[in-house]
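The next block holds one structure in the form of structure tokens; read it before the comments.
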Amino acid sequence: MSSSSSPPLFLLWRLKLKGRVRLLARKARTFGGAVSLLVGAILLVLWIVTIILRSSYVERTVDPPSMELVRLGLLAYLGFVAFSSLSFRGVYMPRPELERLFAAPVPRRSIVRFRMLGAMLMALPFTVIVALFLSPRFASPWAAALGLAVTIPATSIFGQALSLLAAKTGGLGDRILSRFPATALRVIGALGILGLFTFLSFGPGIQSTDHARSRRAPDFSSPRSPRSPEDPDDLDDLDGEVLGVGGGTESGVSPWDWRSQVRPSVPPPPRTAFQRVNEVASSRPMRIATFPLTPWARAIASPSVPAALPWLASILGLLVLLFEAVARMPIDFRESSLRTSQDMERKLARMRSGQGGAGVFGQSSRAKGWRIPWLAGRSPMGAVIWVRTAWLIRQARGTLLIVAVVAIAGVVVGVRVFDQPGSGPATLALLATVYLASGIRADFRTDLDRMESMRAWPLAPWKVFVGTLLPGVLLTSLVVAGMLATRGVLLRQFGADLWVTMALVPFLAYIWTSVDNAVFLLFPVRFVPGQGSALQHTGRGFLLVMLRGLLLVGALAIAAGGAYLLHAFVADGGFGRPKLALYLAGAWVALTAILLLTLLTAFGAWALRRFDVSRIPAPGA
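Note that full-length UniProt numbering gives residue 507 to position 507 of the sequence shown, counting from 1, and the numbers run on in steps of one.
So this is what it looks like as structure tokens:
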């Protein structure tokens, strides 16, 4: 596994690490960057501590996962790794690095080793978090942690092997995969996982073969035996359950005449999602399919560390063999690797320009020729709305994917988790609005590279602000309203809480989006993936969530407090008119919402007016 014969690779590794550290230090010199970095680091530490504390209190009364269930989980994770790896054909590196390495006197097998070692190191934090979260649920937490520590590197090697096989020019894999876009396989994998989740939540119950045996048998140890003539009801239960017939009735039929009437058998209770997964994992075809994963499953589910040592030793030997076998695969991956780097370079360029969310998928050539209707007329503000609507429609591939995933998952969660009549619709609406607004991102962040021309538009700043956000807010509101209506149909819940929540969704979507964009205009930031800024973006996102939460809580307190005082004064005071009090309370809530929207619009217009184009960070800054 050594690559000491290729010192340029280790020099490249050392220089990249030094560059990441310098970039992080340069970003931390500013006040905003330092605060975001500090908050992100605190959140990371608190998250890890929370995982450790929650894992230490796992109930030991719950049986540890079975061997079949562990193998099924490993197979599902391998499937996800396979779909992700096939979208990177060959060896993925940034294009400048790849071109220099291909031109340098470096063996190809050393490049593959370098890539696999890098993938293992990048997966190290994920391995630690997974081990902290899952290991306490097994019989021996230390054995499970060691087993997981040798499982994640094996999946990295497996993924690189699939990428190299897909890079074989002219092969079957190349002919099949060339028909898919670069991100199509990831989309298929995500939809497959979502479909499995939906089936486990809504699928029909699986009939257990042991249901007839699990019916209540007669308790002969009881003082009153069911066969005693003094207790005919127990005999009736025995006949109905074991023989499938009924006994005595109020019409005078003898309880001993079990042939007089027939009672249909009681259907088995529906299976939960966990029971269905266990049944699938224990089936014979699945046990055959997951048999090659036995060493890893044995190591993870071992009752003690000494029992896991032989399996761990065999896995380490397999890892060495697989590592060298993948590095020595006789496949010329240079052309496929360059194509993959070009695709990723275009995707990263879109993300650097602010094209996050739906914009990451880019515009299809067919969508560029679509005719976009002028939904808001041909006024100056209508033109601003038309520009944002055209962006949403021409990004149809990404927009539809995000909407479909959030809508399906939202309906499933709304029916299975948030099924309470009162708080269920409100919680679902809040979560769906957050995910859709963050996923679609039809706002100023997508116009980062053309803010100079937008600042020169002969239009009032508040019109530009509202016109830019309005299409995304309307799309989010329509999707969330459809989710709430579907949930109401499935649960047969059409109370006043549902209609009130649907009416408040546009206000919530506008509040969430306007705060995010106003802060972005005041403190612009360019998300550059792969440059070690995850902690800073996490801290910035947390501060934004806190700001939105304070605004929502304050607005709700003002609206609810004023409505309560009005209702108490008009209905319970000297007037005694409860109907008028209800109308006044509703008017107060509507007035509070309109006032908040007006203030947020004015704040966003002020931020847009004072926006300085020279403060936009460069792509590498």
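Don't be surprised by glycine CBs; every beta carbon is placed ideally from N, CA and C.
Residue 420 - DSSP class collapsed to helix/strand/coil:
coil
Tell me the DSSP secondary structure of residue 376 in three-state form.
Residue state, collapsed to three classes: coil.
What residue does the alpha helix (DSSP H) around residue 92 start on, and which one ends it?
From DSSP, residue 92 is part of no alpha helix (DSSP H); its letter is neither H nor E.
Over what stretch of residues does the alpha helix (DSSP H) that includes residue 156 continue unbroken?
141 to 166
Roughly how many angstroms lie between the CA atoms of residue 375 and residue 518, to the nearest whole one?
If I take the Cα positions, the gap works out to 25 angstroms.
Simplified DSSP assignment, three categories, for residue 476
Judged by DSSP in its simplified three-state form, residue 476 adopts helix.
Between 155, 604, 432 and 26, which has its C-alpha nearest residue 522's C-alpha?
604
Grab the span of the alpha helix (DSSP H) containing residue 129 for me, first residue to last.
For residue 129, the uninterrupted alpha helix (DSSP H) segment begins and ends at 124 to 134.
Which of the three DSSP states is assigned to residue 429 in this structure?
In the structure shown, the three-state DSSP call for residue 429 is helix.
C-alpha distance - residue 122 paired with residue 70, whole-angstrom precision:
24 angstroms
I need the DSSP call for residue 19, collapsed to helix, strand or coil.
helix
Own chain, CB closer than 6 angstroms to residue 637, minus 5 neighbours either side, in chain order
Residue 637 lies beyond the stretch modelled for the chain, which goes from 1 to 621, so this question has no answer here.
Taking the beta carbon of residue 422 as the centre, do at least 16 other beta carbons fall within 10 Å, making it buried, or is it exposed?
exposed
Buried or exposed: residue 345, going by 16 or more other Cβ atoms within 10 Å of its Cβ?
exposed
Three-way DSSP call (helix, strand, coil) for residue 283 in this model
coil
Counting contacts by CB-CB distance shorter than 9 angstroms, is residue 127 in contact with chain B?
This model lacks chain B altogether, as it is built from one protein chain only.
Start-to-end residues for the alpha helix (DSSP H) that takes in residue 457
It is not in any alpha helix (DSSP H) - residue 457 carries neither H nor E in the DSSP assignment.
Three or more C-beta pairs closer than 8 angstroms, one from the segment 316 to 331 and one from the segment 109 to 128: is that the case here?
yes
Is the segment 406 to 413 touching the segment 491 to 502, taking contact as three or more C-beta pairs under 8 angstroms?
The segment 406 to 413 makes no contact with the segment 491 to 502: fewer than 3 CB pairs, one atom from each, lie closer than 8 angstroms.
Is residue 74 closer than 9 angstroms to residue 296 when the C-beta atoms are compared?
yes
Inspect the beta-carbon positions of residue 384 and residue 468 and report whether they are closer than 9 angstroms.
yes
So residue 433 and residue 476 are supposed to be a Cβ contact under 8 angstroms. How far apart are they, rounded?
6 angstroms between Cβ atoms; contact.
At the level of alpha carbons, what is the spacing between residue 39 and residue 538?
Our two residues, residue 39 and residue 538, have alpha carbons roughly 8 angstroms apart in a direct line.
Residue 495 - DSSP class collapsed to helix/strand/coil
Coil, per DSSP.
In this structure, does DSSP put residue 206 in helix, strand or coil?
Residue placement at residue 206 cannot be trusted, given a pLDDT of 37 that sits under 50; what the coordinates show is reported in the next sentence. Coil.
Inspect the beta-carbon positions of residue 299 and residue 134 and report whether they are closer than 9 angstroms.
no
Cβ-Cβ separation, residue 155 to residue 78 (assumed contact under 8 angstroms), whole Å
6 angstroms
Exposed or buried, residue 342, counting other C-beta atoms within 10 Å across all chains shown (16 or more means buried)?
exposed
Helix, strand or coil for residue 333? Go by DSSP, reduced to three states.
coil
Cβ-based neighbour list, residue 303, same chain, cut-off 7 angstroms, excluding 5 preceding and 5 following:
139 and 140
To the nearest angstrom, how far is it from the Cα of residue 455 to the Cα of residue 613?
9 angstroms
Let me know if residue 85 comes out buried or exposed under the rule of 16 or more other beta-carbons within 10 Å of its beta-carbon.
buried
Residues in the same chain with beta-carbon distance under 7 angstroms from residue 470, minus the five sequence neighbours each way, listed in chain order, please.
385
Per-residue burial, residue 216 [other beta carbons within 10 Å of its own, 16 or more giving buried]
Residue confidence for residue 216 is low, a pLDDT of 41 falling below 50, so the modelled location carries little weight and cannot support an answer.
Residue 216, DSSP secondary structure in three states:
Since pLDDT at residue 216 reaches only 41, below the 50 mark, its modelled position is unreliable, and the value read off the structure follows with that caveat. In this structure, residue 216 counts as coil in the three-state DSSP scheme.
How about residue 33 and residue 27: are their beta carbons less than 9 angstroms apart?
yes
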